[in-house]
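Asks:
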Amino acid sequence: MSVKPSKLPPFDPADPLGIDDLLDPEDLAIRDTVRTWATDRVLPHIAEWYEKGELPGIRELARELGALGALGMPLQGYGCAGATAVQYGLACLELEAADSGIRSLVSVQGSLAMYAIHRFGSEEQRRRWLPGMAAGETIGCFGLTEPDHGSDPAGMRTRAERDGTDWILTGRKMWITNGSVAGVAVVWARTDETAGGAGIRGFVVPTDTPGFSAPEIRHKWSLRASVTSELVLDGVRLPADAVLPEATGLRGPLSCLGHARYGIVWGAMGAARASFESALDYARTREQFGRPIGGFQLTQAKLADMAVELHKGILLAHHLGRRMDAGRLRPEQVSFGKLNNVREAIEICRTSRTILGANGISLEYPVMRHATNLESVLTYEGTVEMHQLVLGKALTGLDAFR
Numbered sequence: 012m013s014v015k016p017s018k019l020p021p022f023d024p025a026d027p028l029g030i031d032d033l034l035d036p037e038d039l040a041i042r043d044t045v046r047t048w049a050t051d052r053v054l055p056h057i058a059e060w061y062e063k064g065e066l067p068g069i070r071e072l073a074r075e076l077g078a079l080g081a082l083g084m085p086l087q088g089y090g091c092a093g094a095t096a097v098q099y100g101l102a103c104l105e106l107e108a109a110d111s112g113i114r115s116l117v118s119v120q121g122s123l124a125m126y127a128i129h130r131f132g133s134e135e136q137r138r139r140w141l142p143g144m145a146a147g148e149t150i151g152c153f154g155l156t157e158p159d160h161g162s163d164p165a166g167m168r169t170r171a172e173r174d175g176t177d178w179i180l181t182g183r184k185m186w187i188t189n190g191s192v193a194g195v196a197v198v199w200a201r202t203d204e205t206a207g208g209a210g211i212r213g214f215v216v217p218t219d220t221p222g223f224s225a226p227e228i229r230h231k232w233s234l235r236a237s238v239t240s241e242l243v244l245d246g247v248r249l250p251a252d253a254v255l256p257e258a259t260g261l262r263g264p265l266s267c268l269g270h271a272r273y274g275i276v277w278g279a280m281g282a283a284r285a286s287f288e289s290a291l292d293y294a295r296t297r298e299q300f301g302r303p304i305g306g307f308q309l310t311q312a313k314l315a316d317m318a319v320e321l322h323k324g325i326l327l328a329h330h331l332g333r334r335m336d337a338g339r340l341r342p343e344q345v346s347f348g349k350l351n352n353v354r355e356a357i358e359i360c361r362t363s364r365t366i367l368g369a370n371g372i373s374l375e376y377p378v379m380r381h382a383t384n385l386e387s388v389l390t391y392e393g394t395v396e397m398h399q400l401v402l403g404k405a406l407t408g409l410d411a412f413r
């Protein structure tokens, strides 16, 4: 018995694999809402912000993102949206299609600072901080990386010492997104509590505490439309209840980083999509030798290869999102996604630039901006080498880190 084939839908260059069929109406509505916000509020200004190396009105942007439900999006309660991991990923993709700096603002707020308090904080800490952070009224930052310790956080030098029931924090953190505009910082420090591997603890630090300062880092050639700071902790005195009670050792900060890396898996594909779409549109309209350059075989080969890697990356992100929603996503799988998607996104941006020719270096087009931003995304939340070694250890059972 033969089955009569149904009429095939038309080929959609924007969705060649029909990935949208995997999304339900709520997923699509959330994606479209974030896309509209980014199109209206970010895209008209982002080239100017990037050129000037600033993100003006960041507090207003944070409040608008809070109203969208994009801050702490997959967290439950305390004013958070309680969205699925896939919905959060779709939002990250749309935000980074505008600019990596905007997605970084959301990722650090929700996946690092808010997640740390939600997952490892006390009920009092959650009630005090999370509602305002979810609304964008309070901006948060996450202090783990130090000037001399990035890929090896176990070597951190920031210390927390007991003074009666108080803690005194001393040290420096580096490359901290949102630092100079944050109202609260989650800071990781080494303590003398060595028993049971509890030597590293997290602290919730109001940024108006004496001894805390966050000078902004200037002269960046990447993530220029993003606030990046150093954190200086000069004898910052905190009460005993500033400690995140459920985080001991490196398990806490590494868990937060895994949550943030998941958003990058999606976000990188947003930067890649924006660059690919710019190249595709350009190839259809730019004429050389009497016809559009999109009609030449070499250009079509570039476009086909970029489309394949772009939509493979989105499928990978979607698969990891479904696993996260099912409680089955392993850290090694997040490393798989970040390693692949950021590398492929950079290659898509570079190939797009070749199609645009000299115009590819102009801020009139988004391609070079995305390419330079992704150079930062490539190394933050774990360098290429670190994720290769994570996967290498998982594949062989042998630890090559030390």
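For the sequence shown, the residue numbers in our numbering are 12 to 413.
Even for Gly, the Cβ is constructed at its ideal location relative to N, Cα and C.
The structure displayed is predicted, hence computed values, not measured ones.
Less than 8 Å between the beta carbons of residue 218 and residue 243, yes or no?
Replies: no
Asks: Applying the 10 Å Cβ sphere with the 16-neighbour rule, what's the burial state of residue 234?
Replies: buried
Asks: Please identify the residue among 222, 274, 96, 365 whose C-alpha is closest to the C-alpha of residue 379.
Replies: Among 222, 274, 96, 365, the Cα nearest to that of residue 379 is on 365.
Asks: Among 119, 371, 22, which residue has its Cα nearest to the Cα of residue 392?
Replies: 119
Asks: Helix, strand or coil for residue 87 per DSSP?
Replies: coil
Asks: When the distance is taken between beta carbons, is residue 202 closer than 8 Å to residue 213?
Replies: no
Asks: Apart from the five residues on each side of it in sequence, which residues of its chain come closer than 6 Å, Cβ to Cβ, to residue 96?
Replies: 85, 332, 335, 336
Asks: Roughly how many angstroms lie between the CA atoms of residue 326 and residue 30, to the nearest whole one?
Replies: 7 Å
Asks: How about the segment 345 to 365 and the segment 279 to 291: do they share at least three Cβ pairs that are nearer than 8 Å?
Replies: yes
Asks: Going along the chain, which residues of its own chain have a beta-carbon closer than 6 Å to the beta-carbon of residue 207, five neighbours each way excluded?
Replies: Unreliable placement is indicated for residue 207, whose pLDDT of 46 sits below 50; the coordinate value is still reported in the next sentence. Taken in chain order, the list of residues that qualify is empty.
Asks: Do you know offhand how far residue 91's Cα is from residue 19's?
Replies: 40 Å
Asks: What residues are listed by DSSP as bridge partners for residue 224?
Replies: According to DSSP, residue pairing for residue 224 in a beta bridge involves 243.
Asks: Looking at the strands, I want to know which residues DSSP matches up with residue 178.
Replies: 173, 249
Asks: Does residue 137 get closer than 8 Å to chain D when you measure Cβ to Cβ?
Replies: No chain D is present in this structure, which holds just one protein chain.
Asks: Pair every Cβ in the segment 215 to 232 with every Cβ in the segment 275 to 282, then say whether three or more of these pairs are closer than 8 Å.
Replies: Verdict: no, contact absent.
Asks: Which of the three DSSP states is assigned to residue 150 in this structure?
Replies: coil
Asks: Quick check: the segment 253 to 260 against the segment 68 to 80, are there 3 or more CB pairs under 8 Å?
Replies: no
Asks: Comparing C-alpha positions only, which one of 52, 247, 260 sits nearest to residue 108?
Replies: 52
Asks: Taking only runs that begin and end inside the segment 240 to 315, name each unbroken beta strand (DSSP E) of 3 or more residues, in chain order.
Replies: 254 to 259
Asks: Check the C-beta distance from residue 94 over to residue 41 and give it rounded, since I have them as a contact under 8 Å.
Replies: Between residue 94 and residue 41 a beta carbon distance of about 7 Å is seen, short of the 8 Å cut, so the two are scored as contacting.
Asks: Please state if the CB of residue 328 and the CB of residue 100 are separated by a distance shorter than 8 Å.
Replies: In contact: residue 100 and residue 328 (Cβ atoms closer than 8 Å).
Asks: Taking 7 Å as the limit between beta carbons, can you name the residues of its chain near residue 352, skipping five residues before and five after?
Replies: 276, 279, 280, 324, 327, 328
Asks: Measuring alpha carbon to alpha carbon, tell me which of 315, 371, 398, 292 ends up nearest residue 342.
Replies: Considering only alpha carbons, the answer is 398.
Asks: Could you check whether residue 125 and residue 82 sit closer than 8 Å to each other, using their CB atoms as the reference points?
Replies: yes
Asks: On a CA-only basis, which of 265, 103, 321, 357 is nearest residue 28? Give me that one, please.
Replies: 321
Asks: Between the beta-carbon of residue 193 and the beta-carbon of residue 282, is there less than 8 Å?
Replies: no
Asks: Please look up how many angstroms separate the CB atoms of residue 122 and residue 330, rounded, as I've assumed it's under 8 Å.
Replies: About 19 Å; that fails the 8 Å criterion.
Asks: Based on DSSP bridge pairs, tell me the residues matched to residue 187.
Replies: DSSP, once it has assigned bridges, lists 240 as partnering residue 187.
Asks: Please return the same chain residues whose Cβ sits closer than 8 Å to the Cβ of residue 170, not counting the five positions on each side in sequence.
Replies: 180, 181, 182, 200, 201, 202
Asks: Specify the secondary structure class of residue 206 as computed by DSSP and reduced to three states.
Replies: Any answer about residue 206 is weak, because its pLDDT of 46 lies below 50 and its placement is not dependable; what the coordinates show is given next. In this structure, residue 206 counts as helix in the three-state DSSP scheme.
Asks: Out of 26, 115, 349, 241, which has the shortest C-alpha to C-alpha gap to residue 185?
Replies: In this structure, 241 is the residue among 26, 115, 349, 241 with its C-alpha nearest to the C-alpha of residue 185.
Asks: Just reading off the alpha helix (DSSP H) that residue 345 is part of, what are its end residues?
Replies: 342 to 367
Asks: With a threshold of 8 Å on Cβ separation, who are the neighbours of residue 62 within its own chain once the five nearest residues in sequence on each side are excluded?
Replies: 235, 374
Asks: Can you tell me whether DSSP reads residue 212 as helix, strand or coil?
Replies: strand
Asks: So the candidates are 37, 105, 35, 33; which of them puts its Cα closest to the Cα of residue 49?
Replies: Cα-wise, what sits closest to residue 49 is 105.
Asks: Check whether the Cβ atoms of residue 151 and residue 197 lie closer than 8 Å to each other.
Replies: yes
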